[in-house]
Every structure is written in structure tokens, then in C-alpha cells.
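Same order as they appear, the protein sequences are chains S and Y. All the letters of the first sequence, read from the start, carry residue numbers 22 to 406 under the numbering used here. All the letters of the second sequence, read from the start, carry residue numbers 5 to 93 under the numbering used here. Here is the structure we will look at, set down as C-alpha cells.
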Amino acid sequence: MIYLDNAATSWPKPEGVYQAVDDCLRHRGGNPGRGGHRLSLQAGRIILETRELLAQLFNITDSARIIFTGNVTEALNLALKGFLRAGDHLILTSMEHNAVVRPAYRLQDTGVEQTIIPCSREGRLDLATLAKNLRANTRLICVNHASNVTGTIQPIEAIGELAASKGIPLLVDCAQTAGILPIDVVKNKISLLAFTGHKGLFGPQGTGGLYIGKEIDLQPLKEGGTGSKSEVFVQPEELPDRFESGTPNTPGIAGLGAGIKFVLQEGLERIRKHEQALTRQIIEGLRRLEGVTRYGPNDLEEQTAVVSLNLEGWEAGELSYVLDQVFDIAVRSGLHCAPLAHATIDTLETGTLRISPGYFNTPAEIEVLLEALYSLVREKTSGRR
Amino acid sequence: MAKRCDKMAPEHNVYTVFTFVSTHQALKAEKVLKEEALKASIIPVPREISSLCGLAIRVDAQQRGQVEQTLRGKGVGIEAVFDFVPRTK
Ligand SMILES: Cc1ncc(COP(=O)(O)O)c(C=O)c1O
Numbered sequence: 022m023i024y025l026d027n028a029a030t031s032w033p034k035p036e037g038v039y040q041a042v043d044d045c046l047r048h049r050g051g052n053p054g055r056g057g058h059r060l061s062l063q064a065g066r067i068i069l070e071t072r073e074l075l076a077q078l079f080n081i082t083d084s085a086r087i088i089f090t091g092n093v094t095e096a097l098n099l100a101l102k103g104f105l106r107a108g109d110h111l112i113l114t115s116m117e118h119n120a121v122v123r124p125a126y127r128l129q130d131t132g133v134e135q136t137i138i139p140c141s142r143e144g145r146l147d148l149a150t151l152a153k154n155l156r157a158n159t160r161l162i163c164v165n166h167a168s169n170v171t172g173t174i175q176p177i178e179a180i181g182e183l184a185a186s187k188g189i190p191l192l193v194d195c196a197q198t199a200g201i202l203p204i205d206v207v208k209n210k211i212s213l214l215a216f217t218g219h220k221g222l223f224g225p226q227g228t229g230g231l232y233i234g235k236e237i238d239l240q241p242l243k244e245g246g247t248g249s250k251s252e253v254f255v256q257p258e259e260l261p262d263r264f265e266s267g268t269p270n271t272p273g274i275a276g277l278g279a280g281i282k283f284v285l286q287e288g289l290e291r292i293r294k295h296e297q298a299l300t301r302q303i304i305e306g307l308r309r310l311e312g313v314t315r316y317g318p319n320d321l322e323e324q325t326a327v328v329s330l331n332l333e334g335w336e337a338g339e340l341s342y343v344l345d346q347v348f349d350i351a352v353r354s355g356l357h358c359a360p361l362a363h364a365t366i367d368t369l370e371t372g373t374l375r376i377s378p379g380y381f382n383t384p385a386e387i388e389v390l391l392e393a394l395y396s397l398v399r400e401k402t403s404g405r406r
Numbered sequence: 005m006a007k008r009c010d011k012m013a014p015e016h017n018v019y020t021v022f023t024f025v026s027t028h029q030a031l032k033a034e035k036v037l038k039e040e041a042l043k044a045s046i047i048p049v050p051r052e053i054s055s056l057c058g059l060a061i062r063v064d065a066q067q068r069g070q071v072e073q074t075l076r077g078k079g080v081g082i083e084a085v086f087d088f089v090p091r092t093k
């Protein structure tokens, strides 16, 4: 199997990730933060270590301000619903994932106003348009760091600068970029950073989290047992406990920690370079094919390792099915949970075929993919004659 | 802010207990002290103290100053500090 769907979830994982999950389940199986016996402490230490690794990766001073959630969707729900109140104005972009679009839509019922800034056909956010849409009651700007549909990278540093100059907090969805592009909450002036564990950070599915800046007053969406302050009925104020009721996904967080260690060892630059080389190979290979429409920026520096396309005479779903069934190649087709992004690039009707290589893919695998595409096109054209 | 029970003079077999605002801070304290090669053990909070979190750190009383300074320096959220004399029969 040639796996080219890393924008959905990374696979395979670094060896250390499998080992960490196994070791956690076998040898550190206590309930973290609930009781003081050794097995519980071992579990608690795993969680602390992963938090500290995340803090190192994102340049977060106090790791207690990082909350674990089940995925970035839960983190984004917490950030949006825990922060915005009736009368607040939210700005988001047309490249947002449904993990933002749907909670934001729902928040309109509670009196939160929203503006969706249309991006260019390449998926780029224009800063001047963003600035023009700020209002007196704009309370949050939410930006997808890189699109899962086109790979388009937004200039978060400039956006952070603009937001900070107006005193408006910035929420960043870094599902597609954590572990691939540098993210620095201080330098990029990010107040809320929502991440998922199972993509570029190489963790197991069911891991993710939210960094909450000191300046942010956030309400929890759930209350419950935290292992601390058990005698009182009100939810503790202390982070991370305030937002972490219930037993966490300790084996998943153990795996996530190992994934981040791998990222830090390899280095972001090396990971990015490798993914860029594979992306370049795909894009150049596609040039030899007729009838390809490719979406997104025409510049490798401005995109992540996502190639979205349509092939004349093929429906994206059919193409991905044949690639899987006949050629044993996994890619994704459809709307990729981001209908506004598809509207932006004008593929709401057709969807796209998305090829997303990862750090473990090789140039030889990309060659097999390209050969498969060539042979399919050849077959179709000769069949037509 | 740290509460102090300084009634007891630091004698030889006196120990000090640090309590914390959360499990995260208690485990972070353990990690920080280990990195600084300061001897400390993580213990359940002694019954006579009430704390936000069930875990505490126990150190030799002579180390109290150095431990407290180290933890504060690393931004660990200390809840309170207590000096203890083990009960004699
Ligand atoms: C940009 C973006 N946001 C949010 C998500 C949702 O991620 P998860 O399913 O891990 O919550 C994804 C991935 O599917 C994504 O690419």
C-alpha cells in the first residue's frame, strides 16, 4: 500500500510512537492525577512530559496553559464557544475547516456575529481585506494556518501582528502545520492555538489540544473530576485542570509525546524539505499529463504537501477508488470537510482528488503514483479512439 | 502564596512538604528538582494539611530554601510550604 493521505492522518507512525503506546498500556496504566501510587504517578509523568514537549515545539512558556482534548475539533469548539459571547463579532476565513465553520455557525444562534473573509482562488487571505472587516466589537480572529484542501499557507505572523495592534486575540487552527512549519505563539502573537495530534505530530488518533494564552478568559465546556480540589463543587480555576475533566487518553498522549520527540529530533526544516521535494515531484509529474486542473498556490513555499486536482474525464471519487482498488494507492477525494474552501476554489460541485505525501513517503512511491495516473489517462484516451 | 509553619526549628530529622495547586505542578516540581539534582520524593498530601491537589513533594528541611528558590525560579505553582517534625512516641 502506498499511503498518500497524510493530510487526513499521518501513517505510518515513527517506531517510537508504537512503543510508547504499548509501554504506557503495559507498564504505566494507572489513572494520571488520581491518587499517589506509582502506576498513577507514571501515567501523570507521561502527560507532563508530552505537555512540556508541546511547549517546547510551540515556544509556550508555561506548559500548564496547554489543554489536552480529543482532537483539534474539540479544541476549536472549546476556544470558540468558551470565549465568544452574545454581541461579539468573530472573523474567520473562507478556507476554514468545518471544525471552525460549524461551531461558528451555531454560535450565531447565541448572538455572536460573524464575518467570513473570502480568500483568493489560490486560497490566500488578503490582509487589507481582513483589516477592512474589523469592527469595534470584533473579539476574535480565527485563521486556518494551512488549508487541508489546497495546502495554502496563511501569513500568520502578519495576521498576528495586525490582530495584536488592534488588541484582538488570534485563534489559529494548526491541524495541517504542527510538526511541519515553525509555530511560535510569542513571535506569531497567537492567543489560542488549536492542534491535532494525529497528523504532522505523528501521534495516535484521538489526541489534540489547545494552548490558552494568559490574556484569554475562557469558560470550560465541561465540568467534572480533575483529581484536584475534590471537596468543592465548583470547577477548579487552575489550568490545566479547569479544562481537563475526566480521565484523559493517556496511551494516546504517550504516543503523541513520542511523535513530537521524533519531530524535534528530525527537525522541522528537514521534514518540510522532504515533503516539499515530494510535492514538487508530484506537481512536475502532473505537468506531463493532459487535462489536469490543479488548485492552490503555484509556489511550493506558499503551500504544504497537499496537491488537490481534478482530471478531465474522471470524477474525483472514481479516480481515488481505482487508485486504491487497482493500484493500492490511498488518496482522498471529495469535499474534505471544508465546503467554504471548495467554494473559494470553485470545486463545490466536483470536489477534488487530494494527494498528500508525508515524511515517510519516498520518491519511488511518487513515481508509482504518477505511472498509475499516466496509464489511466492512456487507457481512457485509447478507449475513446 | 506560600503559607509557612515556621514554629518548628529546623532540626536534623525535620522535613518540609510543598503542596501544589494541581497535579501538573506537583509533577513538574518533581521533574524540575530531579533536573537540578535536588533530592525530593512525591508523596500523598499528609492528612493534617489540606491542599488543592492530592500530591505533595517532601524534601529534607535543610533543602527547603534551595528547593523553594528553584521551584519559584522555574515558575512552578506552589500552594504552601510546611515544616514537619516526625511524631515521637
Ligand atoms: C485544517 C483542519 N482543521 C481541522 C481538522 C479536523 O481535525 P480532527 O479531525 O483531528 O479534529 C482538520 C483535519 O481533518 C484540518 O485539516
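Ideal Cβ positions, reconstructed from N, Cα and C, are used throughout, including at glycine. Keep in mind that this is a model prediction, so the values were computed, not measured.
### Query
When you compare only the Cα positions, how much space is there between residue 18/Y and residue 28/Y?
26 Å
### Query
Which residues in the same chain have their Cβ closer than 7 Å to the Cβ of residue 125/S, if we skip the five residues on either side of it in sequence?
101, 111, 113 and 135
### Task
State yes or no: is the C-beta of residue 50/Y within less than 9 Å of the C-beta of residue 21/Y?
yes
### Task
Return the first residue and the last residue of the beta strand (DSSP E) that residue 163/S is part of.
159 to 165
### Query
At least one CB of chain S closer than 9 Å to the CB of residue 20/Y: is that the case?
no
### Message
Using a Cβ-Cβ cutoff of less than 7 Å, which residues in the same chain neighbour residue 282/S once the five nearest sequence positions on both sides are dropped?
### Response
37 and 74
### Query
Cβ-heavy atom distance between residue 229/S and ligand 1 below 8 Å?
Residue 229/S Cβ: within cutoff of ligand 1.
### Task
Would you kindly work out how many angstroms separate the C-alpha atoms of residue 207/S and residue 222/S, rounded to a whole number?
20 Å
### Task
Would you mind giving the Cβ-Cβ distance between residue 150/S and residue 162/S, rounded to the nearest angstrom? I have them listed as a contact below 8 Å.
Contact flag wrong, Cβ pair sits at about 12 Å.
### Message
Going by C-alpha to C-alpha distance, which of 167/S, 359/S, 392/S and 403/S sits closest to residue 122/S?
### Response
359/S
### Query
Closest Cβ-Cβ distance between residue 67/Y and chain S: below 9 Å?
no
### Within chain S, the residues that residue 47/Y reaches when beta carbons sit closer than 8 Å
57
### Message
Quick check on this structure: which residue in 152/S, 343/S, 291/S and 321/S has the alpha carbon closest to the alpha carbon of residue 381/S?
### Response
291/S
### Task
Would you mind giving the Cβ-Cβ distance between residue 116/S and residue 84/S, rounded to the nearest angstrom? I have them listed as a contact below 8 Å.
Separation of the CB atoms of residue 116/S and residue 84/S is rounded to 30 Å, and the pair is thereby denied contact status at 8 Å.
### Task
Determine which residues of the stretch 72 to 87 of chain Y have a Cβ less than 8 Å from any Cβ of chain S, and write them out in chain order.
79 and 81
### Query
For ligand 1, any of its heavy atoms closer than 8 Å to the Cβ of residue 220/S?
yes
#### Entry: Assigned exposure category for residue 158/S - 16 Cβ within 10 Å defines buried
Residue 158/S sits exposed, since fewer than 16 C-beta atoms from the chains shown fall within 10 Å of its C-beta.
### Task
Determine the direct distance from the alpha carbon of residue 344/S to that of residue 82/Y, and round the result to whole angstroms.
58 Å
### Task
May I ask you to list, following chain order, the residues of the stretch 224 to 256 of chain S that have a beta carbon less than 7 Å from some beta carbon of chain Y?
248, 249 and 250
#### Entry: Inside the stretch 326 to 370 of chain S only - alpha helix (DSSP H) runs reaching at least 4 residues
337 to 348 and 360 to 365
### Query
Mind checking whether the beta-carbon of residue 217/S lies closer than 8 Å to any heavy atom of ligand 1?
yes
### Task
Identify every run of the beta strand (DSSP E) within the stretch 212 to 241 of chain S, keeping only runs that are complete inside it and at least 3 residues long; order them along the chain.
213 to 217 and 229 to 233
### Query
Shortest alpha-carbon distance to residue 339/S belongs to which of 330/S, 349/S, 354/S and 327/S?
354/S
### Task
With 9 Å as the threshold, decide whether the Cβ of residue 41/S is near any Cβ in chain Y.
no
### Simplified DSSP assignment, three categories, for residue 145/S
Secondary structure of residue 145/S (DSSP, three-state): coil.
### Query
Using a Cβ cut-off of 8 Å, which residues of the stretch 81 to 113 of chain S contact any Cβ in chain Y, in chain order?
82, 83, 84 and 85
### Message
Any heavy atom of ligand 1 closer than 8 Å to the beta-carbon of residue 118/S?
### Response
Answer for residue 118/S: yes, Cβ within range of ligand 1.
### Message
Would residue 39/Y pass as an interface residue toward chain S - the criterion being a Cβ-Cβ separation below 9 Å?
### Response
no
### Task
Output, in chain order, the set of chain S residues within a Cβ distance shorter than 9 Å of residue 29/Y.
85 and 259
### Query
Can you name the residues that DSSP bridges to residue 20/Y?
Per DSSP, 63/Y and 87/Y.
### Task
Indicate whether the contact test is met: 3 or more Cβ pairs, each with one atom in the stretch 369 to 377 of chain S and one in the stretch 174 to 192 of chain S, closer than 8 Å.
Contact between the stretch 369 to 377 of chain S and the stretch 174 to 192 of chain S is absent, because fewer than three Cβ pairs lie under 8 Å.
### Message
Please identify the residue among 258/S, 385/S, 212/S and 201/S whose C-alpha is closest to the C-alpha of residue 160/S.
### Response
212/S
### Query
Do you know how far the Cα of residue 148/S is from the Cα of residue 154/S?
10 Å
### Query
To the nearest angstrom, how far is it from the Cα of residue 239/S to the Cα of residue 399/S?
Looking at the backbone, the Cα of residue 239/S and that of residue 399/S are separated by about 57 Å.
### Message
For residue 130/S, count the other beta carbons within 10 Å of its own beta carbon; 16 or more makes it buried, fewer makes it exposed. Which is it?
### Response
By the 16-neighbour rule on beta-carbons within 10 angstroms, residue 130/S is exposed.
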